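Read the structure below first, then the notes.
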Amino acid sequence: MNEAYRTTKIKTAQINQALGVFIFTFGIIITIAMVFTETFVQQMTDLFAGLVLMGIGGGMLWKSKQTLKKYKEAN
Amino acid sequence: MLSGIDYFIVIAYIVGMLLLGLYFKKFVSSSEDYFLGGKSLPFWAIGMSIVVSDIGALDFVGVSGQAYRYGIAVGNFDWVGSVPAMLLAAFIFIPYFWRGGMYTIPEYLGRRYNKSVRTIASATWILFFALDLGVLFWASAVLLNVLMGWPIWISILSTAGVVGLYTYFGGITAVIMTDVVQMIIMFIGGFALVFLSLDAVGGWENMVEKIGAMGPEYQSHFDIIRPIDTKSPFPWTGILFGLTFVMANAYMIGNQSIVQRCLTAKNEWHAKASMIFGSALKMFIPILVLFPGLMAVVVHPNLADGDQALPMMIKTILPPGLVGLMFAAFFAGLMSSVDSLLNSTATLFTKDIYEPFIKKNADDQHYLKVGQITTLVLLGLGVATAPMSSDFPGIYVAIQTFMSYFQGPLFAILLLGIFWKRSTQWGGLSALVIGIGFAIFLNVFKAGFFTIEDPFLYISWWSFLLAFIINVVVSLMTKKHTKAELDGLVFSSKILTQTSSINKTL
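Residue numbers (the numbering used here), protein chains in the order written: chain A, 1465 to 1539; chain B, 192 to 697.
What follows is the structure, given as structure tokens:
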């Protein structure tokens, strides 16, 4: 594994971490927004959209944490 | 007007985008980082970025407006008008640009033809992008005006402030990575709108029945292929020749803001894969942008301006929370389109105009600074030209009109440059100049040549054809390039099978 490859991997992981935090936080806000809706369909749409965002954001956070651990330890 | 939670979601989104974009400042230390993201980005991020910068705010408002006025024929722009061209770009054109270590499309044209071709092509793109920025800012004003009641200038200035800051500091890495978030938000918000809109109109079949019963002008709303004598801007001949053969290829292969993204890839495989992944995502776009416009025909049948269809649907169909999400999605698209144009234009100016003509051989930090300052100047220009867009009947048509001036001739010289070794510098130059002049002539005197409402597809086709013929004729009469001059610039079947040496190092 050369240095350029390791640096690129760390950079990508740091980017994913930042994106993950943003998307996950936004997912929480959308899920909370279901409190303000009126019908069941609206509530479920908010809930589903929020959970999808949290799933994507959480996945990115988890993956970036794994990558950072692996490549920083390899230093 | 937005409710409290929607305001909060929109404000949180805008502030979050700003912080996220500013975070990427840490990855910018050279001009290559600023313009090409240090050539280190993955295919999935670039693919999402290509799609979101293409569909952006204009498609959400403009295509929904066109669907409201003319029906599903406008969907051709995202199906036959994108996917085949993206695959062609991935396998044939991107490898040449990537292996050549290029920053811009005009840089390729400069190496293949001459410096004049490079400068004219670059200046034309810069002009187009600057005008495009104005249209984008106007699109934001239309939406903000309907949803939030903000004055036009306040909405234009607030958009410019947020996007300008993160693009100025973070360069193309900030542009691409904020695009990734924006695409996810746009897809989720868009699908939520489609789902609830379908629920509101009583399902697809009910909507088709209601639109069909509204009168003779709605009878062809569900015809994807329109006859030659249609009054809409989408006759099948225009779609086939103007869109599929010329504009789609010119846009996906010759558009700086699209191709520049591929050049940020960490290797050639990722560069090609980004286009292929983007084309897969592109197939979903008509569902997101077209359906709300169609459903608005049933929900709001008497809108004076088709471009109001989407804002009105958001306002009346979506519940609290989702209005904020959808508005954030729309704003996301707008910001994405604006940041792409800002960064691409800064790249074109710095690399094709400033470096060769104003200050050669300066240090890298100097060019980085020039790119950043250009971004700020463009922002001011875009804000100042925004009111021009209000004179056009549809925002999307306005963009296509600007593009039809030069997309055809530019694609003609790009195509012959890659595939025909005999094409010479004088052939390329004369084709570009005469082709653009001819497109402007056709646009000015369109009433005398065409019967349809807006003939931008025909204009791009005829200007492409003329430029193609002129390039061939002039090239045959002038001195051909040597084999050494064409090395790595013209098509060889090896490009399909060989992997670049740079790939092997990563």
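Just so it is clear, CB atoms sit at the ideal spot from N, CA and C, and this is done for glycine as well. Since the structure is predicted, the reported quantities are computational estimates derived from the model, not experimental observations.
- Within 7 angstroms of the CB of B:Ile-196, the CB atoms of chain A belong to Ala-1497 and Phe-1500, in sequence order along the chain.
- A direct Cα-to-Cα measurement between A:Gly-1484 and A:Val-1516 gives close to 12 angstroms.
- The CB of B:Gly-207 comes closer than 8 angstroms to the CB of Phe-1486, Thr-1489 and Phe-1490 in chain A, given here in chain order.
- The beta-carbon separation of A:Thr-1501 and B:Pro-510, rounded to 4 angstroms, stays under the 8 angstroms limit for a contact.
- Proximity of chain B to A:Lys-1527 at the Cβ level (cut-off 7 angstroms) is not reached, the minimal Cβ distance being about 12 angstroms.
- The alpha-carbon separation between B:Phe-268 and B:Thr-421 amounts to approximately 17 angstroms.
- Listed by position along chain A, the residues whose Cβ is nearer than 7 angstroms to that of B:Gly-512 are Ile-1494, Ala-1497, Met-1498, Phe-1500, Thr-1501 and Asp-1510.
- Comparing alpha-carbon positions, the option among B:Tyr-649, B:Gly-207 and B:Ser-222 lying closest to B:Leu-539 turns out to be B:Ser-222.
- For B:Val-371, a Cβ of chain A is located within less than 8 angstroms of the residue's own Cβ.
- Following the DSSP letters along the chain, one finds B:Leu-516 inside the alpha helix (DSSP H) bounded by residues 513-539.
- Put simply, the CB of B:Ser-222 is far from chain A, with every gap to its CB atoms at 8 angstroms or more.
- Chain A places a beta carbon closer than 8 angstroms to that of B:Leu-387, counting this residue as a contact.
- For B:His-557, the enclosing alpha helix (DSSP H) has its first and last residue at 555-576.
- Cβ atoms of B:Thr-541 and B:Gly-562 come within 8 angstroms of each other, at about 5 angstroms.
- Among the residues facing chain B, A:Ile-1520 is included, as its CB has a counterpart in that chain under 8 angstroms away.
- Of the residues assessed, B:Ile-650 falls on the buried side of the cut-off, its CB having 16 or more other CB atoms within 10 angstroms.
- Excluding the 5 residues flanking it on each side, B:Phe-413 has same chain C-beta neighbours closer than 7 angstroms at Gly-262, Ile-263 and Val-399, in chain order.
- For A:Gln-1506, the enclosing alpha helix (DSSP H) begins and ends at 1504-1537.
- Counting of Cβ neighbours within 10 angstroms places B:Ile-444 among the buried residues, the total reaching 16 or more.
- Under the DSSP assignment, B:Phe-659 falls in the alpha helix (DSSP H) whose first and last residues are 647-668.
- Residue ranges of uninterrupted alpha helix (DSSP H) with 4 or more members, entirely inside the stretch 592-629 of chain B and ordered along the chain, are 598-610.
- Secondary-structure assignment with DSSP links B:Ala-456 through a beta bridge to B:Leu-232.
- Residue state for B:Pro-407 is assigned as helix, using DSSP reduced to three classes.
- Along the stretch 251-284 of chain B, the alpha helix (DSSP H) occurs as fully enclosed runs of 4 or more residues at 255-261 and 274-279, listed in sequence order.
- Membership of B:Pro-502 in the alpha helix (DSSP H) is indicated by the continuous run 500-508.
- For a Cβ distance threshold of 9 angstroms, nothing in chain B lies close to A:Gln-1530: the least Cβ distance comes to about 16 angstroms.
- Chain A places no beta carbon closer than 8 angstroms to that of B:Pro-483, leaving this residue out of the contacts.
- Against A:Lys-1534, chain B offers no close residue; the least beta-carbon distance is about 16 angstroms (beta-carbon pairs closer than 7 angstroms).
- When secondary structure is reduced to three states using DSSP, B:Pro-426 falls in the strand class.
- At a cut-off of 8 angstroms, the C-beta of B:Phe-218 has a neighbouring C-beta in chain A.
- Contact between the stretch 470-487 of chain B and the stretch 295-303 of chain B is absent: fewer than three C-beta pairs spanning the two stretches fall below 8 angstroms.
- When the beta-carbon positions are compared, B:Phe-234 and B:Ala-456 come within less than 8 angstroms of each other.
- B:Gly-429 is the residue among B:Gly-429, B:Ile-296 and B:Val-354 whose C-alpha sits nearest the C-alpha of B:Gly-272.
- Excluding the 5 residues flanking it on each side, B:Leu-494 has same chain C-beta neighbours closer than 8 angstroms at Tyr-259, Ala-487, Ala-500 and Met-503, in chain order.
- Listed along the chain, the chain B residues whose CB falls inside 7 angstroms of the CB of A:Leu-1515 amount to none; the nearest CB is some 10 angstroms away.
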